[in-house]
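A.B. asks: Top line first, the protein sequences correspond to chains A and B.
Note that UniProt numbering numbers the first sequence so that position 17 is 17, with each residue one more than the last.
Note that UniProt numbering numbers the second sequence so that position 115 is 115, with each residue one more than the last.
Just so it is clear, CB atoms sit at the ideal spot from N, CA and C, and this is done for glycine as well.
Just so it is clear, the structure is predicted and the values come from calculations on it, not from any experiment.
Protein chains: 2
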Amino acid sequence: MRPGWIAADWGTSRLRVWAMGAEGVLAEARSDEGMGQIAVGGFEAALLRLIGLWLSDGPAVQVVICGMAGARQGWQEVPYRRLPCAPVDPQALVPVPSEDPRIAVRIVPGLAQAKPADVMRGEETQIAGALALLGSFDGVICLPGTHSKWAQVSAGEVVSFRSFLTGELFALLSERSVLRHGLAAEGWDDEAFLAAVSDGMSHPQKLGAKLFGLRAEALLQDLPPATARARLSGLLIGLELVGARSYWLGQPVVLVGEEALAARYGAALAAQGVQARLLPAAACTLGGLAAAVGQLTLASSGAGRKA
Amino acid sequence: MRPGWIAADWGTSRLRVWAMGAEGVLAEARSDEGMGQIAVGGFEAALLRLIGLWLSDGPAVQVVICGMAGARQGWQEVPYRRLPCAPVDPQALVPVPSEDPRIAVRIVPGLAQAKPADVMRGEETQIAGALALLGSFDGVICLPGTHSKWAQVSAGEVVSFRSFLTGELFALLSERSVLRHGLAAEGWDDEAFLAAVSDGMSHPQKLGAKLFGLRAEALLQDLPPATARARLSGLLIGLELVGARSYWLGQPVVLVGEEALAARYGAALAAQGVQARLLPAAACTLGGLAAAVGQLTLASSGAGRKA
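As structure tokens, this is what we get:
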């Protein structure tokens, strides 16, 4: 196997790579060597540990990376591109020097917005992939996650976006706060989740009290731990939805994310009368990286693209 | 020295004790053996390590403890007293068996509210101490901290209260979230703090976005780390103030807490036109424990108490 090019998604906690051929994915691999786990100077070696077997002598294989490899603590800091702009521009990939002559590495720049100040690294590639998958789309793309993003896209460009710390708050509160004593690691309660979304949207100013209330109800009323987990998630997603209302209200909305989480956002939006379309995160990442190297994308309808 | 009795404040992360005589405090000591650091069965030994030198043979010395010693993970779980009630009732202290015949230990019960579900352990003693110090007071007592409390007191009773997870959120976000990279451990910016209080009060639904904005401004605009710290604190305290508005609006407010934190709450309230009176936390704890053992308190005016 000799891949035509190699796609890589380098997150804070994970590295995922795909060997790409003319027909699509030839092979894939992943490791826990995320940006956060790698010391300065260790990025090329971490990459080669995953893709080494795919390489052979001859012309260098192109490797295109999105995500935190371009962060200040990454392989090489890559300046953000400024809004408004296409999510990914094949002309704007930034070459990164590598010692191994078998690879030619480039990093996809993240996007920055001046006011309100906001940044993304990696999601721009997923947005490009979503646009490729959708063929033509003007509206809002929501990317739930550690730092959820809501992006307004129009005529193939990202016009504005806003990030929310929702996923990181959920992780901190469920794993490290006093709430962890009464919270299940697994399990779910759909009804409690949707009630909490509504509660979080109606009373965002009560967040601190509602959070402590989960602890109090665990102590006084034996709140089931799976219910507590669903309520915590619902309160935080509800807070995000009311804060992002100007993005989704009256707009076509596409959700790009890990399946279970995207489904929760979908249910929360449906309760507000918004039917969001769900796209799988990995397919969007890969589609966006393909767009970055100028490949016609794998799953794109091709037809009807505007920009 | 033989103390008349011994006062103890056993928090989650700290134990503080006072040897009390007829004239007041004879000696005091503290350790980091908070409730969270002590294994089951280890509480008496931890207490004796601090107060052992104060003990001698003869009649057992009374030790009265408030705080987390009465929690489920504490020395012995002590049921909450239910609202409305006096913050501390000398008749309701719960004896705890001890092996050492030189001490007779009792724990001050915490308070519980059924709806909305809420609990406190330790703050009830500070409220009792504040009431003793104030002589006579109907209004609201705010106790900023890890889990801030706002308590409505009337005719010597706690009528209702609400807890907010504010302090724990600040600790998690400043020490363990992505924001820690751009946040100073020390340093302050009064103007940024008050602007963020106002912002947090006006736009509670934007919390998740404003939090991520601190990270983005650090990356894009070199937001000074001390300013970021003050803004984080202001956003969270602002969120609490708007959520607790029904407590402080048009009410006499007393703040009981650690000096720097209480001063911040005082400044935030002053910006809303509320002049809160500040009382030191330790004096309130000690006053409340004195009330619990039926002592006329040290610093009380004595005159004019209603209940």
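Can you check whether the C-beta of residue 162/B is within less than 8 Å of a C-beta belonging to chain A?
C.D. replies: By one-based count along the second sequence, residue 162/B stands at place 162. Yes - at least one Cβ of chain A is within 8 Å of the one on residue 162/B.
A.B. asks: Could you name the residues of chain B that residue 242/A contacts, counting a contact when the two beta carbons are closer than 7 Å?
C.D. replies: To locate residue 242/A, count along the first sequence from 1; it is residue 242. Here the neighbours are 205.
A.B. asks: Could you tell me which residues DSSP pairs with residue 284/A in its beta bridges?
C.D. replies: Numbered from 1 along the first sequence, position 284 holds the residue referred to as residue 284/A. In DSSP, residue 284/A forms no bridge with anything.
A.B. asks: Taking CB distances under 8 Å as the criterion, tell me whether residue 118/A reaches chain B.
C.D. replies: In the first sequence, counting from the first residue as 1, residue 118/A sits at position 118. Chain B has a Cβ within less than 8 Å of the Cβ of residue 118/A.
A.B. asks: Return helix, strand or coil for residue 15/B, following the three-state DSSP convention.
C.D. replies: Taking the second sequence and counting its residues from 1, one reaches residue 15/B at position 15. Note: residue 15/B maps to strand in three-state DSSP.
A.B. asks: Between residue 240/A and residue 178/B, is the Cβ-Cβ spacing less than 8 Å?
C.D. replies: Position 240 of the first sequence, counted from the start, is the residue given in the question as residue 240/A. Position 178 of the second sequence, counted from the start, is the residue given in the question as residue 178/B. Contact flag unset, no.
A.B. asks: Based on DSSP bridge pairs, tell me the residues matched to residue 152/B.
C.D. replies: Taking the first residue of the second sequence as position 1, residue 152/B is located at position 152. Partner(s): 140/B and 160/B.
A.B. asks: Could you tell me whether the Cβ atoms of residue 32/A and residue 14/A are closer together than 8 Å?
C.D. replies: Numbered from 1 along the first sequence, position 32 holds the residue referred to as residue 32/A. Numbered from 1 along the first sequence, position 14 holds the residue referred to as residue 14/A. In this structure, residue 14/A lies closer than 8 Å to residue 32/A by Cβ.
A.B. asks: Does the segment 248-256 of chain B come close enough to the segment 132-149 of chain B to have 3 or more Cβ pairs within less than 8 Å?
C.D. replies: yes
A.B. asks: Hey, residue 126/B and residue 256/B are a contact pair by Cβ (cut 8 Å); roughly how many whole angstroms apart?
C.D. replies: Sequence index remark: in the second sequence, residue 126/B carries index 126 (1-based). Sequence index remark: in the second sequence, residue 256/B carries index 256 (1-based). About 5 Å; that satisfies the 8 Å criterion.
A.B. asks: In the DSSP assignment, find the unbroken beta strand (DSSP E) run with residue 103/B in it and report its ends.
C.D. replies: Here residue 103/B is taken as the residue at index 103 of the second sequence, counted from 1. 103-107 is the extent of the beta strand (DSSP E) around residue 103/B.
A.B. asks: For residue 28/A, report the span of its beta strand (DSSP E) as first-last.
C.D. replies: Start at 1 with the first residue of the first sequence, and residue 28/A comes out as number 28. Secondary structure note for residue 28/A: its beta strand (DSSP E) is the uninterrupted segment 24-31.
A.B. asks: Quick one: is residue 300/A near chain B, going by C-beta distance under 8 Å?
C.D. replies: By one-based count along the first sequence, residue 300/A stands at place 300. Bear in mind that a pLDDT of 39 at residue 300/A, under 50, signals an unreliable position, so the number given afterwards is only what the model happens to contain. For residue 300/A, no CB of chain B lies under 8 Å from its own CB, so it is not counted at the interface with that chain.
A.B. asks: Mapping the DSSP letters down to three states, classify residue 295/B as helix, strand or coil.
C.D. replies: For the purposes of this step, residue 295/B is taken as residue 295 along the second sequence, with counting starting at 1. DSSP places residue 295/B in coil when its eight states are reduced to three.
A.B. asks: With DSSP as the reference, label residue 38/B as helix, strand or coil.
C.D. replies: Mapped onto the second sequence, residue 38/B falls at position 38. In the structure shown, residue 38/B sits in coil (DSSP, three-state: anything other than H, G, I, E or B).
A.B. asks: Please determine if the segment 260-269 of chain B and the segment 185-195 of chain B are in contact, where contact requires at least 3 C-beta pairs separated by less than 8 Å.
C.D. replies: yes
A.B. asks: Among 70/A, 89/A, 106/A and 165/A, whose alpha-carbon lies nearest the alpha-carbon of residue 121/A?
C.D. replies: Locating residue 121/A in the first sequence gives position 121, counting from the first residue. Nearest of 70/A, 89/A, 106/A and 165/A to residue 121/A, Cα basis: 70/A.
A.B. asks: With a cut-off of 8 Å on the beta carbons, I'd call residue 1/A and residue 22/A a contact; round off their distance for me.
C.D. replies: Taking the first sequence and counting its residues from 1, the one referred to as residue 1/A is at position 1. Taking the first sequence and counting its residues from 1, the one referred to as residue 22/A is at position 22. Incorrect: roughly 12 Å between the Cβ atoms, too far for contact.
A.B. asks: Quick one: does residue 170/B have its CB under 8 Å from some CB of chain A?
C.D. replies: For this step, residue 170/B is matched to residue 170 along the second sequence. No, residue 170/B does not count as interfacial toward chain A.
A.B. asks: With distances taken between CB atoms, is the gap from residue 291/A to residue 88/A smaller than 8 Å?
C.D. replies: Here residue 291/A refers to the residue found at position 291 when the first sequence is read from its first residue. Here residue 88/A refers to the residue found at position 88 when the first sequence is read from its first residue. Yes, the pair counts as a contact, with Cβ atoms nearer than the cut-off.
A.B. asks: Which one of 244/B, 243/B, 153/B and 230/B has the shortest CA to CA distance from residue 314/B?
C.D. replies: The shown model of chain B, from 1 to 307, leaves out residue 314/B, and the question about it has no answer.
A.B. asks: Pairs of beta-carbons, one from the segment 105-118 of chain A and one from the segment 206-216 of chain B, closer than 8 Å: are there three or more?
C.D. replies: Result yes; three or more Cβ-Cβ pairs closer than 8 Å.
A.B. asks: Quick one: does residue 234/A have its CB under 8 Å from some CB of chain B?
C.D. replies: Counted from its first residue, the first sequence places residue 234/A at position 234. So, not an interface residue.
A.B. asks: DSSP three-state label for residue 196/B, please.
C.D. replies: Along the second sequence, one-based indexing puts residue 196/B at 196. Reduced to three states, the DSSP call for residue 196/B is helix.
A.B. asks: I'd like to know whether the C-beta atoms of residue 55/A and residue 102/A end up nearer to each other than 8 Å.
C.D. replies: Sequence index remark: in the first sequence, residue 55/A carries index 55 (1-based). Sequence index remark: in the first sequence, residue 102/A carries index 102 (1-based). Their beta carbons are under 8 Å apart, which means residue 55/A touches residue 102/A by this criterion.
A.B. asks: From residue 4/B to residue 75/B, what does the alpha carbon distance come to, in whole angstroms?
C.D. replies: Your numbering for residue 4/B matches position 4 in the second sequence. Your numbering for residue 75/B matches position 75 in the second sequence. If I take the Cα positions, the gap works out to 23 Å.
A.B. asks: Quick check on the burial criterion: 16 or more other C-beta atoms within 10 angstroms. Buried or exposed for residue 185/B?
C.D. replies: Sequence index remark: in the second sequence, residue 185/B carries index 185 (1-based). Flag for residue 185/B reads exposed.
A.B. asks: Examine chain A for any beta-carbon lying closer than 8 Å to the beta-carbon of residue 48/B, and answer yes or no.
C.D. replies: Stepping through the second sequence from its first residue, residue 48/B is reached at position 48. By this cut-off, residue 48/B is not an interface position.
A.B. asks: Nearest chain A C-beta to residue 33/B closer than 8 Å, yes or no?
C.D. replies: Start at 1 with the first residue of the second sequence, and residue 33/B comes out as number 33. By this cut-off, residue 33/B is not an interface position.
A.B. asks: So the alpha helix (DSSP H) residue 64/B belongs to, where does it begin and stop?
C.D. replies: Position 64 of the second sequence holds residue 64/B. From DSSP, residue 64/B is part of no alpha helix (DSSP H) but of the beta strand (DSSP E) over 61-67.
A.B. asks: Does DSSP put residue 121/B in a helix, a strand or coil?
C.D. replies: As a first step, residue 121/B must be located in the second sequence, where it is residue number 121. DSSP places residue 121/B in coil when its eight states are reduced to three.
A.B. asks: Rounded to whole angstroms, how far is the Cβ of residue 8/B from the Cβ of residue 65/B, which I believe are closer than 8 Å?
C.D. replies: The count along the second sequence starts at 1 and reaches residue 8/B at position 8. The count along the second sequence starts at 1 and reaches residue 65/B at position 65. Contact flag correct, Cβ pair sits at about 4 Å.
A.B. asks: Classify residue 207/B as buried or exposed, calling it buried when 16 or more other Cβ atoms lie within 10 Å of its own Cβ.
C.D. replies: Within the second sequence, numbered from 1, the residue matching residue 207/B stands at position 207. Of the residues assessed, residue 207/B falls on the buried side of the cut-off, its CB having 16 or more other CB atoms within 10 angstroms.
A.B. asks: Nearest-angstrom Cα distance between residue 79/B and residue 145/B?
C.D. replies: Mapped onto the second sequence, residue 79/B falls at position 79. Mapped onto the second sequence, residue 145/B falls at position 145. C-alpha separation (whole angstroms): 23 Å.
A.B. asks: For the beta strand (DSSP E) that contains residue 256/A, what are its first and last residues?
C.D. replies: Locating residue 256/A in the first sequence gives position 256, where the first residue counts as 1. Segment 253-257, the beta strand (DSSP E) holding residue 256/A.
A.B. asks: Rounded to whole angstroms, what is the Cα-Cα separation between residue 259/B and residue 131/B?
C.D. replies: Within the second sequence, the letter at position 259 stands for residue 259/B. Within the second sequence, the letter at position 131 stands for residue 131/B. Cα to Cα, residue 259/B sits roughly 18 Å from residue 131/B.
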